[in-house]
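Structure record follows, encoded as structure tokens.
Numbering (the UniProt record's numbering), first residue to last: 1 to 258.
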């Protein structure tokens with residue numbers, strides 16, 4: 001169930017920003033498990049490297065997850081991409097954009113990231129991310145989920161992205177605050193997950209302590225009897241496609257209200 005809500009304070013990747021009015025951080029939960037509690041593990045791969053501590057655990061323990069990738073990460077992590085392709089039973093791919101740009105249609109910065117500034121730029125960011133997923137041979141892993149950089153959106157951005165057939169991937173439990181928290185804190189936060197939570201963490205920071213906490217937290221949930229699912233296993237995707245139905249220019253020309 002997607003529940004957009006105004007953001008007061010949220011730390012994802014960088015120091016806390018001053019957010020504009022009507023900036024939204026959609027909340028998403030998946031269907032609760034009957035008898036066995038379940039959570040959807042979502043891992044952002046913004047840019048940089050692959051945290052093998054987390055990735056190797058997922059493969060070894062056969063733990064499903066939804067991986068949100070950018071073009072920037074895809075083009076520099078060919079080994080990990082090949083492993084994702086080899087495990088369609090485990091990994092679902094989400095679109096994290098081409099260049100890791102926040103989906104905000106006003107000028108400024110959030111968590112140190114320059115915002116898209118216009119709806120056209122937001123659309124192109126999503127379009128470029130989808131193209132990169134397709135070019136990486138991951139089309140069959142992609143079910144139409146989109147998460148912009150910083151997971152923050154302007155209302156018009158959400159309307160535009162959903163109008164293009166994408167589904168906004170919110171979350172209900174922020175595990176690592178942009179890979180900025182100590183391992184023990186991350187492990188404790190994940191260990192406190194409830195049935196139906198969507199967990200967000202990062203798998204692109206192998207040099208930070210937070211990754212060890214993600215590993216410990218996942219192991220703790222397994223010991224509690226939790227089941228791990230992909231987003232589309234617990235919340236129906238919009239459509240299994242990697243190409244936006246219309247070009248950004250065509251779509252926005254038809255949307256005068258945006």
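C-beta atoms are modelled at their ideal positions from N, C-alpha and C, and glycine is treated no differently.
A quick note: this is a predicted structure, and the numbers were derived from the prediction, not measured.
Under 9 Å between C-beta atoms of residue i and residue j
i           : j           : result
residue 231 : residue 193 : no
residue 98  : residue 150 : no
residue 39  : residue 181 : no
residue 104 : residue 67  : no
residue 124 : residue 46  : no
residue 144 : residue 166 : yes
residue 259 : residue 235 : As shown, the chain starts at 1 and ends at 258. That puts residue 259 outside it, with no answer to give.
Local conformation of residue i per DSSP, three classes
i           : result
residue 116 : coil
residue 230 : coil
residue 130 : helix
residue 58  : helix
residue 181 : coil
residue 167 : strand
residue 103 : strand
residue 247 : coil
residue 86  : coil
residue 224 : coil
residue 77  : coil
residue 252 : helix
residue 208 : coil
residue 121 : helix
residue 240 : Any reading at residue 240 must be qualified, since the residue scores a pLDDT of 45, below 50, and its modelled position is unreliable; no value is offered.
Contact set for residue i: own chain, Cβ-Cβ below 6 Å, skip 5 residues either direction
i           : result
residue 17  : At residue 17 the pLDDT is 47, less than 50, meaning the model places this residue with poor confidence and gives no usable figure here.
residue 254 : none
residue 183 : 209, 212 and 213
residue 157 : 103, 105 and 122
residue 153 : 24 and 103
Endpoints, beta strand (DSSP E) assigned at residue i
i           : result
residue 38  : 38-45
residue 144 : 142-146
For residue i: DSSP bridge partner residues
i           : result
residue 109 : 114
residue 66  : 42 and 92
residue 202 : 44
residue 32  : In DSSP, residue 32 forms no bridge with anything.
residue 173 : 199
Contacts around residue i, its chain only, beta-carbon distance under 7 Å, and the 5 residues preceding and following it disregarded
i           : result
residue 74  : 81, 132 and 136
residue 197 : 29, 39, 172 and 173
residue 215 : 53, 54 and 57
residue 33  : 195 and 227
Endpoints, alpha helix (DSSP H) assigned at residue i
i           : result
residue 163 : 155-163
Chain-order list of residues whose beta-carbon lies under 8 Å from that of residue i (same chain, five-residue window excluded)
i          : result
residue 84 : 67, 91, 93, 138 and 141
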